[in-house]
Structures are given as C-alpha cells and as structure tokens.
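Chemist: Protein chains in written order, with the working numbering: chain W, 2 to 497; chain Z, 2 to 497.
We treat Cβ as the ideally placed atom computed from N, Cα and C, and that holds for glycine.
On a predicted model such as this, the values are computed, not experimentally measured, just so you know.
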C-alpha cells in the first residue's frame, strides 16, 4: 500500500526533530571531550536555546493535529509505528507545561554543580534541599504524564523503559535478591582468592589495546571515534557513534572494560540503518535494551573464558612486564568478586544488589514514603543490611551517582533489566548459532554481532522492549538465565 | 540613562540568534576536525535544520517590529548600536526571499563537491555550469539587498566589509599594483637568492613548536584548543576560540606560520569580552579587520627579524639537524620571494597581486561583463600579464580557491584590506608604544596584544570598520604604510 502525502510531510518534520536532538548530543559530547574550560557559559546558553527550539517544534499544535489525523489513516505497518512513536513523544511533551519543563531544566542544570561540590565535601546536607526541589518537580511532572491508575514512579520509569509495568518489574528485580545474596555469601566463605593486577601500565599501550579490542569487536571506525573523558560514555547514532574511555596507569582493566561496555552500546547504534536513522522507528527501543547490549559484550562475552584467552595474549604483549603467564590468570582477575561501595566498580555478583538499593529508595522518594532528610541514614542502613559493611562517607554512599541530581528517577532499574535481557539473549543466541567459544578465543566475534544485528539492532523501535526480547528468546522476560549464568560461572571460579 | 524593558527583551532574542550561529560554527569545526566519514549525511541534515531555524528566527516579523520600535526610542550609545546592528542583519535577511536563500544554500553546498572534483580533474568546464548558476543567484540576491545606486558587487562586498564603498576600495587596491609590480621586478633582478629549508621535519616536534608559539603569542588555552585539519582555520568567539593547523614533514614553516596566522584571528575573538559576547556589538566588525589581525601577527610580527631571532633558537632545538646556525638564516627563508601560482602560498610581495586578479575578475562576473565561459582564458591571460608565467593547469589557476563555489563574491578584497589595515595599525602602535624589537626577540609580545586589545578587539562592532581603523591610526585608510613597509623590508633583504 502507498502512504498518504501527509505521511511524507510528517516524516520530514520528524527528521528535523531528530536532527535537533542529534545536534544536542554532539554539543554534549564536545562539552565532555573537547570544549575548553572557558566555553562553559556560552555552551549552557547554546544548549538552552536548542532545547527551547526543540521543545517548541515538538509541542507545535499543528504537528499534534497532523499526528492525530495520521493515526486514523490507513498506513503500512512501518508507517503506522512511526506515527505511534511520534505521537507518544509529542503527547509526553505537551502534557508537561512549559513552565514546569523549564523549571526542571533549570534546577537539574544547577544541581549538577551543587551535587559535585557536596560529593567532593562528603556533605549530603548541602545537596538535600536541591534534591528535595527536584523530587517535588518530578512528582509534579509524573502527575502530568501518568495515565489511568499508573503510579508516579511507573510514569517516570516509562521514559526509559517504555511500556514496562511496575507490577512486572518489581517482582522481577526483587526476585534477584535471595539468590544473589546467597551467591555473595558463598563466595565470601570460599577459600579461593584470585589476585588482582598491580604495577604501572603505560597509558599509550592501554589506548592501543583498547583500539585493538574495538577492531576485534567490529566497531566501525568509519562511523565512530574513541576519545578520553572523565566518565566513559557513548553517543550518536547510525553513521556517527562516538565512544570514550579513561586511563588509569594502575588499572588498565578499567580502560579496557569501559571500552568494551561502550562499544556494546555503540554497536547497537551503528546497527541502526542509515535509511531509518531519521525515522522514529530508527531509534534504540529502551535504556534496558541498550544496557543489555553493553553488558552482553562487557560481561557475557568480555568476561568469558574464551575472550579472556584472546585478551590475555594481547595484554601480555602490550604489557610485557605484567607477569600474566597462566592462560586463565586474566579470566580470574576480571571476574574477581569483592564487596565495595561503588556501583560502577561492582562485579557481576554485586552489581544488581547496588541497583536494588537505589530502586527501592527512589520508589519511596517519589511515592512520598521517604523524606530526603532521612535518605542518607536509610541508604547507609540498607547498604549495611545488603553488603555487610558500613558506608564511611557520603561520596561512597548516597552521593556517588549523578542520576538523581539530573532528575533521572526510574533510570536505575534499566541497568538491572539490561543484565537480565543480556543473559536471556545470550542463551537464545547460543541456542541458535551454537557454541561460540572457539571463535571468540580466536578473536572472531562477527557471528555474535550478526545475531544481535538482525535480532535487536535492526529492529530499532518496531516493537515494545518486552515484545522485542520475547521475539528473540521465545519466552517472556525472566531473571532465571541471569541467575543461572552467575551461579554456574562463579561456582566454578570459586570452587563452591 | 536606563534603557526600556523592550531593549532587554530584544537582547535576550539577539542572544538566542548568536547562540544558534555559534552552534553552527561548532558543528562545522566538528565536521572538519572530528567527525567520522560516515557522519556526513546526518550532519548535512543537522546543518540544514539549524539554518532553517536560525533564518526563521532572524526574519520573524515580530522581531522586525520590535527593532523598528526600538530604533526610534531613546537608548544609550551601546544599546543604540546593538539595535542598529541587529536591524541591519534582520533587514539583510528579510530582503532575500526564502526561496532564493534556500536555492543559494542548496547550490553552494552541492557546488563544493563539483568544484573539488573539477579541481582534482583540472577541468574547469565541469565546474562552469554550476558557477554560472551561482553567479546568477548571487546577482539576484544582490538586487534584493543593494540600496540606492549601489552596484551589485558593492552590495555583496558589504556582507564582509560593512559600509565599504567600491569607489573607495577600488582605487585603494588598484593603487597597490604599480609599486608591487616594480618591487617584484626589482627582486627578480636581484642577484641575491635566499635558500629554502630542506629535509624531513618530525611532525610531533612541529606540533610542540606550534604550541610554544601559541604560548609566546599569549593564546589563551583556557579558551581554546589546537587541532589538525586539511585547511587551517579558526572558529568560535570569546571563551571558546579554536584553531587548526596542518603538518607537512617537508615544510615545517607551513605549520608554524599557519598557526601564527590563525592565532592572530583567535586573539581577536578571545579579546571579545564575555559580557558582550552575546550582544551584536560583541562581534568582529569585518573580515578585513579580522584579516588585519591574522596578517599583523603572521607578517609584521611573525616575519620580522626580531621574531625570527626568537623562533630560530626554538626551531634549532626542535630540529637539531636542520643546520640553521646563522641567526638571520630563518629570517631570510621565511621572507623568500618567489613567483608562484597559488595564492595561499604567496609571499608578501606577490600576495596582493593574487588578490587584485580575483578582485577584477569577480567584479566583472557579477557586473555581467565577463562570461563564465571566458573565465579560465581570462584568468590565464591576466595571470601571465601580472606574474610573467603561464598557468599550466586549472588547479593552479582558476580552480584553486574554494570561495566562488561557496558563493563568496566580494570576500577576496578583504584579504588585501587586511594587509593594508595591518600595516597602518603597526605604524600607529609603534608610534604609541615605541620600539618593540627587543621584546619580540625575547618572546615578549604582550605589549602588542594589549595595544590591539584596547584599540581593536575590545571595540567589537562599536564603529564601522573604516572608522575603527581611523580612530586607531588617526588617518583615513591608506595603502602607503603597507607599500612603504614592503619596499623597505625587501630592499634590505634583497640588497636592492
């Protein structure tokens, strides 16, 4: 069937909206990676102007009318989905009054500085009043966007994981806790203690090895680049997907595994076809699915015995003095389990326990069941409950993450969802393409990428996230594959 | 006096226009310096969307009404000038129909590829039809914007040199020809032949030396950065002014003097105060004045005996095998006069003759007195007339410059104006601050920058370009100082 002319006009408009968001992404990348310090004031103004322009275009009533008409017209499947997705975003934007949107933008921009200072001073009370304002505004925003009997938290969650219901997500994530806690305990009781790396690792050699890893994972340099930033991230889509990493002379694994993680994100975005890169369907479907791609490459592949065997050879030639001789030494080191305070440094066993803590605290904050005044004490109490150690200072506790200062409530659970999806996808992939260890150990990862390309990347936002996962794995979303994977892997490693 | 509230609203609006143009500049920088190859398609879309948004805001009738009201209100001097400049730009933009503006944008974007291909094939006829279209459209545009009995060419010229009249500019530039030609002849007849550099110059050492030069010229790294690009350029303003250079192992002077040239541009922009960086007055006043800053640092300072004595020491330690021992060897090399085909490689004696050729040809093209079909033959005939050598191929002749393919008619003369202004400014500066050679020879250039800061940079667009120069030098614009400077310098160098 051929779509009406109004559809083509809509696509042109959607294209311009996408272009504006890509410009904002590029300016943010520039700010983190390239911009000289004194450029900050002008950049803030540029971002504000761009956001206002984008918001005006996104909420234009004429665009809304066009979408309302198109949604009832006969369209082919792809066109229908494009219109639905565009209408979802338009409705989301129009439901929030301009006054509220701009207040949230202003406070979260300011809050970043307040939070960074409070963290550096280990003083939660300096950040608390700002956080209180943010939460009040986010509750107000949630009231604008929630539908039917949806909770405020669920409404915010859906910005990151569209369609995910809280009565599905909560038992799914809470269900991780008993078996993760048991695994944690068992490992703590194990006599086995893998060593860690020590020494000084040339940063240029780290970068060279990071690039070799990017090569072996089929990162497309023609459509990307690798730079340095304080916190590694990936950004952009389709033909221009950039990643960053960081360098610590004492810890080359931070650089290498950050690179693998960001490459996982980047491969997803590079897998969006250029023909669809300007359509609403040509977009990652959710943060959970995005994270599944980074975590699959970082953990299921990157921390596998097979990949470590490939990496060990290259690591040993990059760092001849590292003394890594035993072929499984690196495998043991990158899978070392240790209780720590910091989420971003956590091993696979502890990581989701960090998420669960934030998930329950932010649900209570948004529900109004927990006061910001009690947040630090509650964080510390529950952290000790879950991890068995006492938080010594706010920078290692409640102030460690940037998310809340940026107004990102409902974002944390998508990290755990990503881990869950990744394990399901891995099982399904092996079921289809057979064992991959020999290939991976020899630096051949193309079959894995091809499977992800056709099952996830090229699908863009054609389906809802849960439907997409189910279409790949032939079963509903479940934490069983993740828990089984972790128990088997670490039982062997720690001789449990 | 206090300005009306409408003025503050106007300033906010002007600020958003400036922010949009800065975003476009940053995206262009990224495209030349950072963007991966496959990013081109999306970037073209982003630039087009941004240009459309900026054009819409610039030509908004409500903004025009606001400007018309403000222009008749009592305002302080700075405010009055801000409104005048904003109205000039608004009027310029509204006079050109959107259809024509978009046709020019489309053809010039496309023409870049056609021109680059034609140049690489040395085939002017492949570019001629496109150039013909561009000229027709620029003539049409000139008809929209010219005032009273202004010629089309003068109208286009004023985009780059506001207020400059053709009956002033033409005799000024044509007046250069006889004495430059005589100087050229005299040098050609001189027995003196300075050597040139030969060898292989480590590119990393070139970059290190380029950074040392930036340091010594007081380039503010806190508000800038230095990268590589195919063609050196500078971009940005106030707190974020970036420069690029390029590396040729056989010719380190290309890197070093390109860097000095771009630093000259950058110092001007870094000298715009951050308080005014979002106001219409907080903007470089003309391309001629901009070029005066780059040329003053590149030639009057950078090619002086004093600076060459500083540079020779640093050059010798960066390139110990270069064999540069005699303290005046570098001075002679960087001032070597040689007839060549390429404008951007020309010495100070030949440079303005290259400009004069383009100035007369483009005037005739826009006036309709010269057909594109005859352009290559006319270029070659007049080049041989002026330079005494025959153009061997189009890439060394009529196809060498990008300007016409970009629709930049009226731009070339600003290069010569820059040289003229620079010589006048240098004389005035020395008259005020006294001899500077000892300072320069010891790497102390701050007094020169300070003089330029208070006389040019901090003035922004407060005055028209010619009034600005006259206010600094106490005399009207004149080519005498430039010609005197060249004749004295090269008579001594070539023992004429």
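1. Use the C-beta contact count for residue 30 (chain Z): other C-beta atoms within 10 angstroms, 16 or more gives buried, fewer gives exposed.
2. Report all residues from its chain with a CB closer than 6 Å to the CB of residue 271 (chain W); omit the five preceding and five following residues, and keep chain order.
3. Listed in chain order, which residues of the segment 39-55 of chain W have Cβ atoms closer than 7 Å to some Cβ of chain Z?
4. Distance check for residue 483 (chain Z) and residue 489 (chain Z), CA to CA, integer angstroms please.
5. Taking C-beta pairs closer than 9 Å, name the residues in chain W that residue 208 (chain Z) reaches, listed in chain order.
6. Would you list, in chain order, the members of the segment 211-244 of chain W that have their beta-carbon closer than 9 Å to a beta-carbon of chain Z?
7. Considering only their Cβ atoms, is the gap separating residue 457 (chain Z) from residue 231 (chain Z) smaller than 8 Å?
8. In angstroms, rounded to a whole number, what distance separates the CA positions of residue 433 (chain W) and residue 337 (chain W)?
9. Measure the Cβ-Cβ separation of residue 211 (chain W) and residue 256 (chain W) and say whether it is below 8 Å.
10. Which chain Z residues are close to residue 183 (chain W), counting only those with a beta carbon under 7 Å from its beta carbon?
11. Identify the contact partners of residue 375 (chain Z) in chain W, using a Cβ-Cβ distance below 7 Å as the criterion.
12. Give a yes or no on whether 8 Å exceeds the smallest Cβ distance from residue 436 (chain Z) to chain W.
13. Please confirm if residue 20 (chain Z) has its CB atom under 8 Å from at least one CB of chain W.
14. Looking only at its chain, what residues have a beta carbon closer than 7 Å to the beta carbon of residue 123 (chain W), apart from the 5 residues adjacent to it on each side?
15. Can you give me, in chain order, the residues of the segment 70-104 of chain W that have a beta carbon less than 7 Å from any beta carbon in chain Z?
16. In the DSSP output, what is residue 107 (chain Z) paired with across the bridge?
17. For the 8 Å Cβ check, are there 3 or more pairs between the segment 115-134 of chain W and the segment 347-356 of chain W?
18. According to the Cβ coordinates, are residue 441 (chain W) and residue 307 (chain W) closer than 8 Å?
19. Leaving aside the five residues before and after residue 226 (chain W) along the sequence, list all residues of the same chain whose C-beta is less than 7 Å from its C-beta, in chain order.
20. Kindly list, in the order they appear in chain W, the residues whose Cβ is closer than 7 Å to that of residue 31 (chain Z).
21. Given a limit of 8 Å on CB to CB distance, which residues of the segment 267-301 of chain Z reach chain W?
22. If you measure beta-carbon to beta-carbon, which residues of the segment 3-18 of chain W are closer than 8 Å to chain B?
23. Rounded to the nearest angstrom, how far is the Cβ of residue 108 (chain Z) from that of residue 157 (chain Z), given a contact under 8 Å?
24. Can residue 292 (chain Z) and residue 419 (chain Z) be called in contact, C-beta distance under 8 Å?
25. Whose C-alpha, out of Z:304, Z:302, Z:301, Z:328, is nearest the C-alpha of residue 314 (chain Z)?
26. Using CA coordinates, which residue listed in Z:263, Z:279, Z:267 is at the minimum distance from residue 9 (chain Z)?
27. On the three-state DSSP scale, how would you describe residue 1 (chain W)?
28. Suppose the cutoff is 8 Å on Cβ atoms and the five residues either side in sequence are ignored; what does the same chain contact list for residue 301 (chain W) look like?
29. Taking the alpha-carbon of residue 65 (chain Z) as reference, which of Z:492, Z:143, Z:401, Z:7 has the nearest alpha-carbon?
30. Pairs of beta-carbons, one from the segment 257-277 of chain Z and one from the segment 50-69 of chain W, closer than 8 Å: are there three or more?
31. For residue 14 (chain W), which option in W:179, W:398, W:91 has the closest C-alpha, if you only look at C-alpha atoms?
32. Can you tell me which of the three DSSP states residue 227 (chain Z) falls into?
33. With which residues is residue 241 (chain Z) paired in a DSSP beta bridge?
34. So, residue 253 (chain W) versus residue 202 (chain W), is the Cβ gap smaller than 8 Å?
35. So what does residue 246 (chain W) bridge to, in DSSP terms?
Modeler: According to the data block:
1. buried
2. The beta carbon of residue 271 (chain W) lies closer than 6 Å to those of 221, 224, 242 in the same chain, with the five residues before and after it left out.
3. 39, 40, 42, 43, 46, 47, 50, 51, 54
4. Cα to Cα, the separation comes out at about 10 Å.
5. Ordered by position in chain W, no residue passes the 9 Å Cβ test against residue 208 (chain Z), which lies about 16 Å from the chain.
6. Flagged, chain order: 221, 222, 223, 224, 225, 226, 228, 237, 238, 239, 240, 241, 242, 243.
7. no
8. 30 Å
9. Here residue 211 (chain W) is near residue 256 (chain W), since their CB atoms are less than 8 Å apart.
10. For residue 183 (chain W), no chain Z residue has a C-beta closer than 7 Å to its own C-beta; the minimum C-beta separation is roughly 46 Å.
11. Within 7 Å Cβ-Cβ: nothing; residue 375 (chain Z) doesn't reach chain W, min ~42 Å.
12. no
13. yes
14. 394, 395, 396
15. none
16. Within the DSSP secondary-structure output, residue 107 (chain Z) pairs in no beta bridge.
17. no
18. Cβ atoms of residue 441 (chain W) and residue 307 (chain W): closer than 8 Å.
19. So the qualifying residues of the chain are 243.
20. Near residue 31 (chain Z) (Cβ distances below 7 Å), the residues of chain W are 27, 31.
21. 275, 278, 279
22. The displayed structure is made up of protein chains W and Z, and chain B is not among them.
23. With a contact defined as Cβ atoms closer than 8 Å, residue 108 (chain Z) and residue 157 (chain Z) miss out at about 16 Å.
24. yes
25. Nearest option by C-alpha distance: Z:328.
26. Z:279
27. The requested residue 1 (chain W) is not part of the displayed model; chain W covers only 2 to 497.
28. Cβ neighbours of residue 301 (chain W) beyond the five flanking positions: 423, 424, 427, 486.
29. Z:7
30. Flag = no, the segment 257-277 of chain Z and the segment 50-69 of chain W do not touch.
31. W:91
32. strand
33. Listed as beta-bridge partners of residue 241 (chain Z) by DSSP are Z:238.
34. yes
35. W:229
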